[in-house]
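Since the structure comes first, as structure tokens, the remarks are kept for the end.
Residue numbers (our numbering): 2 to 65.
Shown next as structure tokens:
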């Protein structure tokens, strides 16, 4: 699968089987800081990403 990390503006190729949370753990990314988009659909950390062609990790921005 292709993984695009918006914050770092990088794309990596990674073979992976498991949940979105497991992928974020592998990439050392805090799950509270990103939205996960699997093949164009917003998903939760509990969703399986094994069959994904493309994962986008979008940075969450908040203001006060």
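Beta carbons: idealized from backbone N, C-alpha and C, even for Gly. The model shown is predicted, which means the values in this text are computed figures rather than measured ones.
### Query
In the structure shown, what three-state DSSP assignment does residue 57 receive?
Residue 57 sits at position 56 when you count from the first residue of the chain shown. Correct three-state label for residue 57: strand.
### Message
Are the CB atoms of residue 56 and residue 62 within a distance shorter than 7 Å?
### Response
On the chain shown, position 61 is the one that residue 62 refers to. On the chain shown, position 55 is the one that residue 56 refers to. For residue 62 and residue 56, no; Cβs fall outside 7 Å.
### Query
Apart from the five residues just before and just after residue 17, which ones in its own chain have a Cβ nearer than 6 Å to its Cβ?
The count along the chain shown starts at 1 and reaches residue 17 at position 16. Cβ within range, chain order: 24.
### Task
Can you grab the Cα-Cα spacing for the pair residue 65 / residue 42, in whole Å?
Indexing the chain shown from 1 puts residue 65 at position 64. Indexing the chain shown from 1 puts residue 42 at position 41. Near 28 Å, if we compare the C-alpha coordinates of residue 42 and residue 65.
### Query
Is residue 34 helix, strand or coil when you go by DSSP?
Numbered from its first residue, the chain shown carries residue 34 at position 33. Of the three classes helix, strand and coil, the one that applies to residue 34 here is helix, per DSSP.
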